[in-house]
Each structure stands twice: as C-alpha cells, then as structure tokens.
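Engineer:
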Amino acid sequence: MILKSIRLKNFISHRDSKIEFPLGVVAIIGPNGAGKTSILDAISFALFKDTSRGKTYENLLHRGVNVAEVELEFIHNNRLYRLYRKISKVGKRIGVASKLYVDGKLKMFGEREVDKEIERILGVDKNLFSSTIYIRQGEIERLVTARPHERKELMSKLLRIHDLERAWKEMLSIIKVYEERLRGIENELKRRSELKEKLESKRKNLKELIEELVHTERELNAYEKKLAEIKETLEEYNRKRDIFINIKVRLDEIAKKEKDIHINLEEYKREYELSLKAKKKVNEMEKRLKALDVLNEYKVLLDRLGILEEQLELLRRQLNEYREIAHKLHTLELILKKYSMLKYKLPFIESKIREENMLRERILSIEKTLRDYDHFLEGKREQLKHALARIGLSEKFDLKTIHSKHSDLMKKLSMEEHRLVKSISDITRTIGVLEYKMNYVEQLKHTIATSKKCPICESSIEDKVNKIINRLELERKHTLSFKQEMEKKLKEIEEYLERVRGKIKDIISTPIDTIDRTL
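Residue numbers (the numbering used here): 580 to 1098.
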C-alpha cells in the first residue's frame, strides 16, 4: 500500500487540511501541538477507525463542531482507492458514515461493509496494523531508554507477544488434538500408500485387461462385420430362394395347366374320333337300317353325334364370340354415333310421319268414298237419265259435265292418295328401322353383358362394358319412347283421315242428294 494524500476537516486540531505524500521517505516536522500526531491518527482512523486518543469518536471532533471528515487516498495493486469517513454527532448520539471509491467510482458504502472490504484489500486487521505497522508517539523513546526486562515487556507489548503466548497456551490442547489427527492422517496416508501400490498394481492389471478388451473388441468387430456379411449373403440367398420357389410354383402351375390342356385336348380328340366313328357308323346304319323300324335308336345316335360336335366346336365358338365382342364393341360405337345423328333427324322424320299418315288416311278415305260413290252413281245413273229428260235438259251434256267433274276429282284424289301412301310408307319404314336397331341394341347389350375381359389383352373391361350398357339402355328407352310417340301420332293421323273422308263423302253426296230431292 502506498499513501498518496489525506484530507482532514474539523478533525482534532485540523480545521481543513490536505497533505500530499510523495514517493520515498516522508517526515512530518513541527512543534508540539502542531497536529503531527493528528495526521497519523487520521490515517489510523480512516483505515480501521482506530485512534490513540480514546475509544470514543467524540474526542476526534474539533472543539465546537459536530461533524468531522477524513478522506484518505492510497494505491494498492496498481489501483487507486479513496476512503471517506465522516463523524456526525446529533445530541448524545454519534456515528460514522463510510464510503469507498475504486478508480474514481463508488464501490460501496456503509460502516461494516467498508471495514470488511479494507481488511480484504490490505490483508490485515486493526490489531495487526496497530502492533506491526503503526507505532504510537513515545513508544520508540521508551524502547531505547528502557532496561532489558522493561524493553522485553515493551517489545512484548508492542508486538503483542503476550497475546501470542496466551493464544499458544490455549492452542496447546488444540495442537494435541491435531497432532493426534496428524498421526491418524499419517497412518491413513501410510495405509493409502499401500492402497496406492495395490491400486497401481490393479491399474496395471486393468490396463492389461483393457488392452486385451480392446483387442477382443477388434476381433469382435471383425466377427460382427463377417456376421453382417454372412447375414446379407443369407438374406440374398433367402430372397433368391423365395424367387426360385415362386418361379417353381408358377412353373408347376403352368405345367399342370399344360397337362390339363393336353388331357382335355386328348379327350376332345378321342371324342372327336368317336364322333367321326359314330357318324360313320350312323351313315352305315342309315344304309343298312332303312327298312327297319329303328328310328328311335337312330335319333339317339344322331343326338349323341350333335352333342359331340357341339363340344368339339365349343372352344372355337367361344374364341369367335370373344373376337365378335371386340368387333361388336366397335360396331356399337358406330351405331351409337348413327343413332345420335338419327336423333337430330327426328323432327324431320316426325313431320314426314305426320304427312304420310295424313295422306294415307286421306287416300283410304277417298278410295272408300270413291267406291261408295261409284256404286251409288251406278244405281242413280238410270234415275238421273229420267230426271234430266223430264226437266228438259240434254242428257248427254249434263252427264258429260258430271263425268268431267268426277274425273277431275278422282285425279286429284289419286294424287293425294299417292302422296299419303308414300309418306306412310316412309314412316313405316323408319319405324321398322328403329325397331330393328332396338332389337339389335338389345341383343348386343346382352352379348356385351356376358363379357368381363377383353378377348385380345384379357384385361378387365367390366367398367367400360357397364358404361356402354347404360348408354345402350338409355338409347333404347329413347328409341322406344320415340316409336310409341310415332305410333300415337300415326293413330291420330288415321283418325284425322277418317274425318276428312267423311267430309269428302258429304261433299260428293251433296249434289246427288239434291238431285234425289228434285226427283
């Protein structure tokens, strides 16, 4: 610790003083009562609140004041410390305020906190400071002039040897305890030394075991690696074995199917040969048994021959059916397109049907009217001759006029009849086509419904077949509805034609009725 400066305010004899301490030896010189000792007391008070003037702080106050301040600056371990102490008296109470600054910054305040921090920084307490570092005024002079035993006591007092001797006596019992403990510790150390030797031996053995373990682990890793390779090889073998087993199973199945096919083929061949022999035998028997009444036996043989031939052709028909299904699917698409086009022509066909029905009805009505008119005219021809003669008209002129009108009317009716017949024929033909297509679609729908796989690639076509069947069913319903509507309209046209015929008959009959009334 290096003292740098100290400032005293109202401290003992100092009103306001500041003393600088340069490096080196510092001597404070002055007459008695000048305040030299007060500076040392201020240093002791600032560091440890200690003074040679008594134990109370009141002795440190300047006469007539209640507040005194001491501010000490020192350097320790290359750091600047500033220690501030303030004595305040209020009535009979007196106290000390403390602050500690480090490198110009307030580090802490409070009497106890600052005292502990100073002891920690300097490494000494108040007693050690006053006995070894700080010597009060007059003690050095007594040390020089005193007798030997007095000097011994004075040195003992200065160095506080009595305290040390008393402390030594008090510590003897503790020392004995610790000596016992030391002997125990030495024994323990000896035992531990033996244990250490054993431990070293164990460590050596452990090291050897560890080396052996490392070697074993390396061998184990090598074996594990080999085991992993063996496992991989085994897994690969198992995988290939499974593949081989699956292939073998499939080959067995194929061989079994091939064997079954050969068996069936041989059976079909035998049946076919039997059928040929049977057919040949039947032919021979037909020649030999013409005169005999063996018709029933002949029929049985003939039925057997037909069954054998049907069985022989079964596979061929199934193959042809599969091929036809593919062809019919294509044909069905074309029919659906044609049917869609036909739906767009429905309004035109309906108009033709209406016209044809009207014309047919008119023709039929007119034909009937003409037949009735011819019969009626033949019956009235003689009466007409007599009537014309009585009224003085020329029979020849009037008959020619009537015949001319009749011919014109017949010609018009014939043309109208021809037109109606043509229209009815067209509508009837259209209805026939629709019925044929409906039957064909129904048959095709039934054929497709039995097919679940494509005959070419054998993939499932059930979804597509269902969609086509639904479309065919919808188209069939539309066609049926259209046909029923056409038939209904045809009936309406026939009724209308009947009404027209009635009107024509009325028109034709009117002159004759008039002549009748005249007669």
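C-beta atoms are modelled at their ideal positions from N, C-alpha and C, and glycine is treated no differently.
With a 10 Å radius around its C-beta and 16 neighbouring C-beta atoms as the bar for buried, classify F976 as buried or exposed.
Structural biologist: The predicted model places F976 with a pLDDT of 42, which falls under 50 and marks its position as unreliable; any figure quoted below should be read in that light. Label assigned to F976: exposed.
Engineer: Would you list the one or two residues that DSSP bridges to L651?
Structural biologist: I585 and L662
Engineer: Could you tell me the alpha carbon to alpha carbon distance between G643 and V669, rounded to whole angstroms?
Structural biologist: 13 Å
Engineer: Rounded C-beta distance between R594 and H655? I'm assuming under 8 Å.
Structural biologist: With a beta-carbon spacing of about 29 Å, R594 and H655 fall beyond the 8 Å limit used to define contacts.
Engineer: Compute the Euclidean distance between the alpha carbons of I809 and D821, then round it to the nearest angstrom.
Structural biologist: 18 Å
Engineer: With a 10 Å radius around its C-beta and 16 neighbouring C-beta atoms as the bar for buried, classify E661 as buried or exposed.
Structural biologist: Note on identity: in this sequence residue 661 is Arg, with Glu being the wrong assignment. It is buried - the Cβ of R661 has at least 16 other Cβ atoms within 10 Å.
Engineer: Classify A606 as buried or exposed, calling it buried when 16 or more other Cβ atoms lie within 10 Å of its own Cβ.
Structural biologist: Burial call: exposed.
Engineer: For the beta strand (DSSP E) containing L685, name the first residue and the last one.
Structural biologist: Counting along the chain, the beta strand (DSSP E) containing L685 begins and ends at K684 to F688.
Engineer: Rounding to the nearest angstrom, what Cα-Cα distance links E1052 and S1060 in this structure?
Structural biologist: 12 Å
Engineer: Relative to the alpha-carbon of E599, which residue among G609, P610, S584 and M750 has its alpha-carbon at the smallest distance?
Structural biologist: S584
Engineer: Just to check my reading of the structure: L639 and F590 have Cβ atoms closer than 8 Å, yes? What is that Cβ distance to the nearest angstrom?
Structural biologist: Between F590 and L639 the Cβ distance is about 6 Å, and since that is below 8 Å, they are a contact.
Engineer: Between the C-alpha atoms of K786 and N766, what's the straight-line distance to the nearest angstrom?
Structural biologist: 29 Å
Engineer: Check E590 in the structure and name its three-state DSSP category.
Structural biologist: Reading off the sequence, residue 590 comes out as Phe, not Glu. DSSP places F590 in strand when its eight states are reduced to three.
Engineer: What number of angstroms, rounded off, separates the C-alpha of K755 from the C-alpha of K781?
Structural biologist: 37 Å
Engineer: Assuming L619 is part of the alpha helix (DSSP H), what are its boundary residues?
Structural biologist: K615 to F627
Engineer: Tell me the residue span of the beta strand (DSSP E) that contains G674.
Structural biologist: Where G674 is concerned, the enclosing beta strand (DSSP E) stretches over R672 to V681.
Engineer: With distances taken between CB atoms, is the gap from D694 to S677 smaller than 9 Å?
Structural biologist: Note that the C-beta distance between D694 and S677 is below 9 Å.
Engineer: Could you tell me the alpha carbon to alpha carbon distance between I581 and R760, rounded to whole angstroms?
Structural biologist: 43 Å
Engineer: Here's the rule: buried if 16 or more other CB atoms are within 10 angstroms of the residue's CB, otherwise exposed. What is E652?
Structural biologist: buried
Engineer: Figure out for me which residue from G763, R672, R664 and N657 has the closest Cα to the Cα of D558.
Structural biologist: Nothing in the structure corresponds to residue 558, since the chain is present only between 580 and 1098.
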